[in-house]
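Here is the structure we will look at, set down as structure tokens.
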RNA sequence: CGGGGAGUAGCGCAAUUUGGUUUAGCGCGCAGCGUUCGGGACGCUGAGGUUAUGGGUUCAAAUCCCAUCUCCCCGACCA
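In this note's numbering, the protein residues as written are 2 to 575.
Below, the structure written as structure tokens:
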């Protein structure tokens with residue numbers, strides 16, 4: 002490809018709104034262009050990268066025995082209503098239309114319903130199972146807040162796959178196949194990634210893994226143990242802590258409970274400061290509505306309540322913080338002064354961290370008052386203990402007890418064991434060996450194709466620009482003639498371009514009539530792994546120069562040896 | 001959805017506070033000519049604007065007032 006013919010806008014200034022490195026570099030290198038808030042279009046060179054990712058994904062999915070299909074984004078509203086997901090998805094948009102018969106159809110962002118519906122019509126027998134279907138298409142979501150440039154956009158390219166099995170063992174098998182396939186895909190792309198235990202969230206089901214690419218501009222936090230390999234998303238990471246300890250009810254040093262004035266002081270930090278104690282000597286009392294039912298949860302002051310864990314424990318889907326009025330009605334005190342002492346007619350749960358505490362501070366359920374020297378058992382009782390808090394950087398690995406670290410990462414893939422949630426709702430049944438009708442057991446698997454590209458750049462760049470690897474680079478080699486007006490240079494550059502292309506090497510020929518400095522800067526920015534310079538030293542001594550973008554290593558050789566040297570370097574590229 | 005900020009040439013900005021020497025400027029980019037040419041060159045010339053939109057105040061509005069739209073940032077579990 003000739004640079005002068007390629008559609009590459011150049012930005013000298015970095016767009017102001019850019020935050021993520023990948024976003025800045027992709028804009029400047031002409032891989033993407035911004036259309037509106039949250040939507041981007043991929044320019045020709047950007048598409049070359051996406052095509053490579055898509056090719057890898059296709060190859061690996063096909064190797065796993067999956068069938069590619071393409072499903073419509075428009076689907077009848079009844080499908081959504083059957084699974085109860087209509088209008089329930091956070092951050093998703095369901096655009097409703099009416100066809101000419103007045104029937105409502107929606108433009109939905111996910112395909113669990115439609116694929117289940119399709120399969121229910123096609124598959125009747127256990128002999129036709131298992132099946133894995135996948136598709137690669139653009140999805141649109143009404144993101145409440147697109148951000149980080151290309152990382153969280155309203156529109157993105159997704160590969161989604163669905164597995165159908167006769168039984169749970171079959172699902173395990175399909176799940177393992179997809180897990181391994183995902184590992185191969187990310188490895189082939191050259192991404193640094195970690196598979197973590199994750200929360201299935203709104204998708205339902207019980208087992209789920211997220212594939213995370215550690216990167217500074219990531220949106221999510223993960224817990225990783227380098228000793229035993231434990232990895233989990235922050236929502237899921239376990240904090241067993243004082244699980245097996247007995248509550249400090251018989252401690253000899255229990256002091257008498259006492260009410261103290263704390264005028265207008267509501268936050269843990271301020272209460273601790275005011276009473277001159279550490280935040281870990283406080284207990285937070287959080288009033289929640291679990292599907293409308295009032296529930297109180299106690300957590301040590303320096304920890305944070307993890308609603309995802311709690312929702313799992315309570316087996317509810319809708320779990321929210323209670324509003325001010327509810328709190329006042331229930332506790333008798335304003336928000337910020339809640340405490341467990343004297344709370345009646347409400348389920349009280351406590352995080353394991355409470356077990357190790359005595360003589361602690363809580364709200365008094367009265368305006369501007371807190372209680373000190375509060376103790377479990379003596380002053381109030383707790384019905385249930387559990388793991389309801391977020392992992393912190395002080396916590397040890399829940400598996401091996403060694404140091405575990407918190408990292409920021411980008412989600413690049415997510416796989417779920419769905420079970421029968423969708424197949425039951427949409428009657429996707431099959432006849433088993435005994436002739437009995439059973440719902441299919443499903444799994445679903447997603448990869449953000451364009452996010453792989455962004456994540457790769459987040460992990461592979463320097464101050465000059467992007468550094469592509471062999472598998473994702475839009476071109477294998479950049480041919481850079483420094484002086485377009487020298488006929489000799491121009492000629493050999495064009496000949497090499499033709500010859501290498503003929504041998505299956507993808508080349509970008511920078512045939513622009515620009516100053517060498519500009520071309521060098523653009524070459525570094527675009528980040529093609531190999532750069533062949535034809536310039537002064539060619540005119541003087543007949544030498545060409547081959548430079549590796551990643552290491553900066555450079556090799557000189559007579560132009561006669563160019564083909565062999567280049568083919569050899571390409572073969573050895575990482 | 002709540003709070004804050006911003007819309008002026010393709011991009012980045014100035015002029016807005018105090019309405020009037022502003023024919024709305026500057027840098028980058030773009031076009032032409034010339035000189036340059038191994039790490040983002042230089043000179044000269046030139047094109048490019050209904051100052052987001054709609055109302056209003058005024059002799060006079062980019063500038064003041066009202067409304068609308070769009071974009072960006074922070075928050076939307078952190079008690």
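Glycine residues also receive a C-beta, built at the ideal position from the N, C-alpha and C atoms.
Short Cβ contact (8 Å threshold) for residue i with residue j
i	j	result
residue 364	residue 338	yes
residue 191	residue 21	no
residue 1	residue 331	In the structure as shown, the chain starts at 2 and stops at 575, and residue 1 therefore has no counterpart that could be examined.
residue 124	residue 136	no
residue 159	residue 448	yes
residue 524	residue 545	no
residue 489	residue 540	yes
residue 336	residue 130	no
residue 121	residue 372	no
residue 543	residue 560	yes
residue 495	residue 531	no
residue 506	residue 571	yes
residue 55	residue 467	no
residue 392	residue 278	no
residue 378	residue 263	no
residue 452	residue 70	no
Beta-carbon contacts of residue i that lie in its chain and below 8 Å, excluding the five residues immediately before and after
i	result
residue 521	481
residue 284	299, 300, 301, 302, 340, 341, 355, 358, 361, 362, 363, 375
residue 297	286, 287, 288, 289, 339, 341, 344, 347, 348, 349, 350
residue 176	164, 208, 416, 418, 444
residue 199	209, 210, 211, 233, 234, 236, 237, 415
residue 254	359, 360
residue 168	442
residue 368	334, 335, 338
residue 554	548
residue 438	430, 431, 432
residue 189	57, 61, 472
residue 529	469, 474, 475, 476, 477, 478, 479, 509, 550
residue 261	276, 370, 371, 372, 373
Neighbour-count burial assignment, residue i, 16 or more Cβ in a 10 Å radius
i	result
residue 117	buried
residue 403	exposed
residue 454	buried
residue 4	buried
residue 401	exposed
residue 583	No information on residue 583 is available, as it lies outside the stretch 2 to 575 that the chain covers here.
residue 268	exposed
residue 483	buried
residue 294	exposed
residue 36	exposed
residue 154	buried
Chain-order list of residues whose beta-carbon lies under 7 Å from that of residue i (same chain, five-residue window excluded)
i	result
residue 354	242, 243, 300, 301, 304, 390
residue 46	7, 9, 31, 32, 475
residue 246	356, 357
residue 257	374
residue 456	192, 214, 216, 411, 413
residue 166	130, 131, 172, 175, 441, 442
Chain-order list of residues whose beta-carbon lies under 6 Å from that of residue i (same chain, five-residue window excluded)
i	result
residue 514	485
residue 290	321, 323
residue 196	210, 212
residue 565	none
residue 18	Here the model assigns residue 18 a pLDDT of 49, short of 50, so the residue's position is not dependable and the matter cannot be decided.
residue 405	224, 226, 398
residue 68	134
residue 219	409, 410, 411
Sequence ranges, beta strand (DSSP E) only - wholly within the stretch 150-207, length at least 3: 156-166, 195-198
Minimum length 4: unbroken alpha helix (DSSP H) runs contained in the stretch 10-86: 22-29, 45-64, 78-84
Cβ pair count under 8 Å reaching 3, the stretch 455-464 against the stretch 35-42: no
At least three beta-carbon pairs within less than 8 Å, the stretch 175-187 to the stretch 408-425: yes
Cβ contact (3+ pairs, closer than 8 Å) linking the stretch 433-450 and the stretch 228-235: no
The stretch 313-324 / the stretch 213-224 touching (three or more Cβ pairs under 8 Å): no
Continuous alpha helix (DSSP H) assignments of at least 4 residues falling wholly in the stretch 97-137: 113-123
Cβ pair count under 8 Å reaching 3, the stretch 100-115 against the stretch 71-80: yes
Whole alpha helix (DSSP H) elements within the stretch 351-433, 4-residue minimum: 422-426
Runs of beta strand (DSSP E) lying entirely within the stretch 234-269, each at least 3 residues, in chain order: 259-262
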